[in-house]
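Okay, structure first, notes after.
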Amino acid sequence: MAHAIGAVQRAQGFAGVALQVPAAALGGLLAAGLWTPGAAALAALDALILGFSDPAGYRFWLLPAVVAAALVLLGPGAWSMDAKLFGWRRVAVDGRVSM
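Residue numbers (the working numbering): 1025 to 1123.
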């Protein structure tokens, strides 16, 4: 989120801003823990788009894309806004789902 805000301030032209504003907004959603699976999926896609749009710095965007994809699979944490709004679910190892 901080990198995207700094990039928006340094951006020259619409293309630079159009790629960084969604990254900053999705970072804010993920920091708040709101709509975690959807925001993380969009953040992974946005990180891949940013990586492919900047061939020199594609390695920088690889880690955020992988972390966001892992967050899609893990889901929200116990202290996230999603847990407060929709309830936090836990899956037991023995196969039973407890809520």
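Even for Gly, the Cβ is constructed at its ideal location relative to N, Cα and C.
Treat the numbers as computed from the prediction; the structure is a model and nothing was measured.
Between Ala1056 and Met1105, the alpha-carbon positions lie close to 7 Å from each other. Classified as buried, Asp1070 has 16 or more neighbouring CB atoms from the shown chains inside 10 Å of its CB. In chain order, Leu1050 place their CB closer than 6 Å to the CB of Leu1066, counting only its own chain and leaving out the 5 sequence neighbours on each side. Taking Trp1112 as the centre and dropping the five residues before and after it, the same chain places the C-beta of Ala1102 closer than 6 Å to its C-beta, in chain order. Rounded to the nearest whole angstrom, the CA to CA distance from Thr1060 to Ala1048 is 15 Å. DSSP places Arg1113 in no alpha helix (DSSP H); its state is neither H nor E. Of the other Cβ atoms in all chains shown, 16 or more fall within 10 Å of the Cβ of Leu1074; this residue is therefore buried. In the structure shown, the three-state DSSP call for Trp1059 is coil.
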